Amino acid sequence: MLYTLLMIAFLFLALLILFISFKFLVKISWFLGWIRGNAGLLFLVLSVAFALTGYDFRHFKPVPKEKPVLTVSFQKKADNAFMVTLSDESGSETRQLVNGEEWIVFADTLNWSHQFSGIGFTQGYRFKQFSTRLKESGKTGSEDGEVLSLKPESLFGVDAWQVVSMIEQFLPVVQAGTVNPG
42 MLYTLLMIAF LFLALLILFI SFKFLVKISW FLGWIRGNAG LLFLVLSVAF
92 ALTGYDFRHF KPVPKEKPVL TVSFQKKADN AFMVTLSDES GSETRQLVNG
142 EEWIVFADTL NWSHQFSGIG FTQGYRFKQF STRLKESGKT GSEDGEVLSL
192 KPESLFGVDA WQVVSMIEQF LPVVQAGTVN PG
């Protein structure tokens with residue numbers, strides 16, 4: 042009996058809530074307000090995403106003509122251990138002790154379409170990583186070699202190169218690539 046009364050009470054409350062919800066739903070103004078509020082939040086999130094992506098573009102530099110973008114020098118410290126010095130075109134240096142006999146540098150690139158190249162947009166780059174390996178193992182970045190990240194930290198993890206690589210199929214004016222400039 043008690044559970045039957047509880048069932049009736051809950052069904053009555055459900056019908057009352059259903060009636061109130063229909064009363065709100067009949068008026069169109071709440072729906073338009075909800076749409077407007079969600080659209081406002083969407084544009085707020087998009088503006089933050091565009092700002093963070095734009096801020097990350099500061100790490101890219103234009104590719105200079107007839108000038109090296111990176112100078113790599115080595116000093117042997119021990120068997121398969123080298124002190125590597127990476128000097129970029131601006132003169133900043135990175136020094137790291139690495140293990141391995143073979144080396145490779147990777148860079149992220151942004152390539153513009155002919156229309157944008159014609160108005161002065163040039164190919165941009167930023168260094169991504171420096172990898173080493175031992176000749177006999179052939180394993181890059183394994184326990185026999187190392188991977189040194191050259192990519193600067195992105196603000197809140199937003200990477201402009203990744204954003205461009207995701208949207209390049211919808212926006213064919215720019216393409217993201219990875220190259221070995223050596």
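If you're matching positions, the sequence shown starts at 42 in the working numbering and goes up one per residue. C-beta: ideal position from N, C-alpha, C; glycine also. The structure presented is a predicted model; accordingly, all values stated were derived computationally and were not measured.
Can you check whether the CB of Asp97 is closer than 8 Å to the CB of Leu191?
No, the pair does not count as a contact, with Cβ atoms beyond the cut-off.
Under 8 Å: do the stretch 210-220 and the stretch 121-136 share three or more Cβ pairs, one atom per stretch?
Verdict: no, contact absent.
Using a threshold of 8 Å, state whether the C-beta atoms of Gly165 and Lys102 are closer than that.
In this structure, Lys102 lies closer than 8 Å to Gly165 by Cβ.
Less than 7 Å between C-beta atoms, sequence neighbours within five positions excluded: which residues of the same chain meet that for Ser206?
For Ser206, where only same-chain residues beyond five positions count, the Cβ hits under 7 Å are Ala217.
I need the boundaries of the alpha helix (DSSP H) containing Ile208, first residue and last residue.
Unbroken alpha helix (DSSP H) run through Ile208: Ala201 to Ile208.
Quick one: grab the DSSP three-state call for Leu189.
In the structure shown, Leu189 sits in a strand (DSSP, three-state: E or B).
Specify the secondary structure class of Val67 as computed by DSSP and reduced to three states.
DSSP places Val67 in helix when its eight states are reduced to three.
Which whole-angstrom value is the C-beta distance of Val227 and Val113, which I expect to be below 8 Å?
Residue 227 is absent from the structure shown; the chain starts at 42 and stops at 223.
So, with DSSP's three-state summary, where would you put Phe157?
Phe157 falls in the helix class under three-state DSSP.
Can you tell me which of the three DSSP states Ser133 falls into?
Reduced to three states, the DSSP call for Ser133 is coil.
Roughly how many angstroms separate the alpha carbons of Ser158 and Thr94, rounded to a whole number?
If I take the Cα positions, the gap works out to 21 Å.
Can you list, in chain order, the residues of its chain whose CB lies under 6 Å from that of Leu189, leaving out five sequence neighbours each side?
Same-chain partners within the cutoff: Gln137 and Phe171.
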